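**Student:**
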Amino acid sequence: AQSVSQHNHHVILSEAASLELGCNYSYGGTVNLFWYVQYPGQHLQLLLKYFSGDPLVKGIKGFEAEFIKSKFSFNLRKPSVQWSDTAEYFCAASSGGSYIPTFGRGTSLIVHP
Amino acid sequence: EAQVTQNPRYLITVTGKKLTVTCSQNMNHEYMSWYRQDPGLGLRQIYYSMNVEVTDKGDVPEGYKVSRKEKRNFPLILESPSPNQTSLYFCASSRDNRLTFFGQGTRLTVV
Numbered sequence: 625a626q627s628v629s630q631h632n633h634h635v636i637l638s639e640a641a642s643l644e645l646g647c648n649y650s651y652g653g654t655v656n657l658f659w660y661v662q663y664p665g666q667h668l669q670l671l672l673k674y675f676s677g678d679p680l681v682k683g684i685k686g687f688e689a690e691f692i693k694s695k696f697s698f699n700l701r702k703p704s705v706q707w708s709d710t711a712e713y714f715c716a717a718s719s720g721g722s723y724i725p726t727f728g729r730g731t732s733l734i735v736h737p
Numbered sequence: 004e005a006q007v008t009q010n011p012r013y014l015i016t017v018t019g020k021k022l023t024v025t026c027s028q029n030m031n032h033e034y035m036s037w038y039r040q041d042p043g044l045g046l047r048q049i050y051y052s053m054n055v056e057v058t059d060k061g062d063v064p065e066g067y068k069v070s071r072k073e074k075r076n077f078p079l080i081l082e083s084p085s086p087n088q089t090s091l092y093f094c095a096s097s098r099d100n101r102l103t104f105f106g107q108g109t110r111l112t113v114v
């Protein structure tokens with residue numbers, strides 16, 4: 625079965641620290657990859673997406689992610705986090721046969737000022 | 004404005020009392036889905052629909068029903084809610100497998 629795994633369930637950082645959240649997927653074939661963010665009390669917002677082409681994807685708010693096909697990974701990074709990045713982050717994937725993405729369990733990020 | 008609208012946003016109900024959470028999209032999307040979000044479990048798909056009158060079970064369909072009588076609406080029905088269905092529910096729609104729009108969420112509490 626297709627699945628998405630996020631290895632970090634809770635991450636606590638200080639402001640200005642660098643961030644990397646892991647995401648692995650188990651899809652075969654062509655895959656579309658996403659990172660969503662959910663700020664406290666709000667709905668999901670798309671941070672960035674990868675469909676094809678350059679494996680290094682830049683998204684909003686200074687986030688980026690790198691697609692490494694050989695590792696089935698799509699890790700999210702940010703060089704310097706801010707307090708306002710405190711949120712829950714979800715990795716998701718969809719493939720040609722699935723039009724609604726499958727989500728990972730999410731990573732709760734807390735950034736201390 | 005393109006959007007997915009869920010109602011209600013918040014609902015408290017009692018065990019066994021049938022309820023419906025509505026979902027409507029104005030983008031003429033074929034694909035719609037319901038998720039529930041629980042702490043530590045992420046978003047799990049309940050049901051999805053590929054088009055009008057075409058629905059299928061997701062990962063956690065037990066205790067839920069859906070219908071897709073028209074393209075824009077995809078209501079989630081709980082015939083006999085139980086406390087383990089207390090959760091945050093999201094409706095989603097997409098035109099293809101590349102971009103999904105989410106509703107604002109419905110926080111349901113079953114007591």
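As you go down the protein sequences, you meet chains C and H in turn.
With our numbering applied, the first sequence corresponds to residues 625 to 737, in that order.
With our numbering applied, the second sequence corresponds to residues 4 to 114, in that order.
Even glycine gets a Cβ: it sits at the ideal position worked out from N, Cα and C.
On a predicted model such as this, the values are computed, not experimentally measured, just so you know.
1. Check whether the stretch 78-94 of chain H touches the stretch 24-39 of chain H, taking contact to mean three or more Cβ pairs, one atom from each stretch, closer than 8 Å.
2. Considering H/Asn10, what are the terminal residues of the beta strand (DSSP E) in which it resides?
3. I want to verify the contact list: residues of chain C whose CB lies under 7 Å from the CB of H/Ala5, in sequence order.
4. Give me the DSSP bridge partner(s) of C/Ser732.
5. What are the start and end residues of each continuous alpha helix (DSSP H) run of 4 or more residues lying completely inside the stretch 26-84 of chain H, in chain order?
6. Taking the alpha-carbon of H/Phe93 as reference, which of H/Gln107, H/Pro86, H/Leu102 and H/Asp99 has the nearest alpha-carbon?
7. Bridge partners of C/Asn569, per DSSP?
8. Using three-state DSSP, classify H/Gln107 as helix, strand or coil.
9. Could you tell me if C/Lys673 is buried or exposed, where buried requires 16 or more neighbouring beta carbons within 10 angstroms of its beta carbon?
10. Can you look up C/Ser697 in the DSSP assignment and give me helix, strand or coil?
11. Rounded to a whole number of angstroms, what is the C-alpha to C-alpha distance between C/Ala641 and H/Val17?
12. So, is the C-beta of C/Pro725 closer than 8 Å to a C-beta in chain H?
13. Output, in chain order, the set of chain H residues within a Cβ distance shorter than 8 Å of C/His616.
**Tutor:** Reading from the atomic positions:
1. Contact between the stretch 78-94 of chain H and the stretch 24-39 of chain H is present, because at least three Cβ pairs lie under 8 Å.
2. Element bounds for H/Asn10: Val7 to Asn10.
3. Neighbours of H/Ala5 on chain C: none; closest Cβ ~13 Å, over 7 Å.
4. DSSP output for C/Ser732 lists C/His634 and C/Glu712 as bridge partner(s).
5. Under the rule that a run must span 4 or more residues, no alpha helix (DSSP H) segment is found entirely inside the stretch 26-84 of chain H.
6. Looking at H/Gln107, H/Pro86, H/Leu102 and H/Asp99, the one whose alpha-carbon comes closest to that of H/Phe93 is H/Gln107.
7. Chain C is shown from 625 up to 737; residue 569 of chain C falls before or after that span and cannot be answered.
8. The answer is coil: DSSP assigns H/Gln107 none of H, G, I, E or B.
9. Buried, because 16 or more other Cβ atoms sit within 10 Å of the Cβ of C/Lys673.
10. Note: C/Ser697 maps to strand in three-state DSSP.
11. Each residue's Cα considered, the two are about 46 Å apart.
12. With 8 Å as the cut-off, C/Pro725 counts as an interface residue toward chain H.
13. As shown, chain C starts at 625 and ends at 737. That puts residue 616 of chain C outside it, with no answer to give.
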